[in-house]
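Novice: Here it is: the structure, laid out below.
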Amino acid sequence: MRLQKATFAAGCFWGVEHAFRQIDGVTDATCGYTGGHYEAPTYQDVCAGQTGHAEAVELTFDADRISYKELVEAFWQMHDATTLNRQGPDLGSQYRSAIYCHSPEQEAAALESRDDVQEQLLDSIVTEIAPAAKFWRAEDYHQEYFEKRGIAVCL
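For the sequence shown, numbering that gives the first Met the number 0 assigns the number 0 to the initial residue and increments by one for each residue that follows.
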């Protein structure tokens with residue numbers, strides 16, 4: 000088993016975490032905050048919009064079972080990468096589309112995939128692609144939110 004990390008932001012982290020947990024080869028998915036400047040943010044801090052952080056999901060995956068490229072392809076399918084700071088009813092920079100790369104190889108794969116997807120779209124992709132920064136784990140009640148409540152989508 001070759002475990003690696005990947006970090007994605009695609010709107011409300013509950014749905015993103017749930018979607019990635021369904022993918023064979025993903026061994027863990029954790030909701031949290033990253034990409035900002037505020038130390039040890041809470042959900043309330045991030046929702047206030049002043050931390051610079053995005054709601055994100057940090058994955059651990061088995062690179063022998065799924066490639067990083069396949070995870071990036073799943074990321075494009077689970078949200079609208081052409082809406083700036085918005086996914087569905089969620090509005091604000093904390094809901095931005097972003098790929099936080101843990102290596103130069105991940106960055107190259109993310110950029111290549113973005114360019115491939117962009118060729119198929121009329122609107123421009125606004126997804127931020129940046130080096131992974133400190134990931135702050137969200138509060139326990141956010142982890143596996145859908146599973147704990149027996150729901151399949153955000154209400």
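All C-beta atoms, glycine included, are put in the ideal place defined by N, C-alpha and C.
1. Am I right that G31 and A55 are in contact with their C-beta atoms under 8 Å? What's the rounded C-beta distance?
2. Out of D23, Q3 and D44, point me to the one whose CA is closest to A137's CA.
3. For W13, tell me which candidate among G149, A108 and H141 has the shortest Cα-Cα distance.
4. So, is I236 buried or exposed, given that buried needs 16 or more other C-beta atoms within 10 angstroms?
5. If you drop the 5 nearest sequence neighbours on each side, which residues of the same chain put their C-beta closer than 7 Å to that of G51?
6. So for F134, helix, strand or coil by DSSP?
7. Under the DSSP definition of a beta bridge, which residues are partnered with V25?
8. What is the DSSP secondary structure of A39, counted as helix, strand or coil?
9. Smallest Cα separation from G48: which of Y94, G149 and K4?
Specialist: Judging by the given coordinates:
1. Residue 31 sits at position 32 when you count from the first residue of the sequence shown. Residue 55 sits at position 56 when you count from the first residue of the sequence shown. Correct: roughly 6 Å between the Cβ atoms.
2. Translated into the one-based positions of the sequence shown, residue 137 becomes position 138. Nearest option by C-alpha distance: D44.
3. Here residue 13 refers to the residue found at position 14 of the sequence shown. When each option's Cα is compared against that of W13, the closest is H141.
4. Any property of residue 236 remains undetermined from this structure, which presents the chain solely from 0 to 154.
5. In the sequence shown, counting from the first residue as 1, residue 51 sits at position 52. Within the same chain, G51 has close Cβ partners G34, G35, H36 and Y37.
6. For this step, residue 134 is matched to residue 135 along the sequence shown. It is coil, neither helix nor strand.
7. Taking the first residue of the sequence shown as position 1, residue 25 is located at position 26. According to DSSP, V25 bridges with F60.
8. On the sequence shown, position 40 is the one that residue 39 refers to. The answer is coil: DSSP assigns A39 none of H, G, I, E or B.
9. Against the sequence shown, residue 48 aligns to sequence position 49. Measuring from the Cα of G48, the nearest candidate turns out to be Y94.
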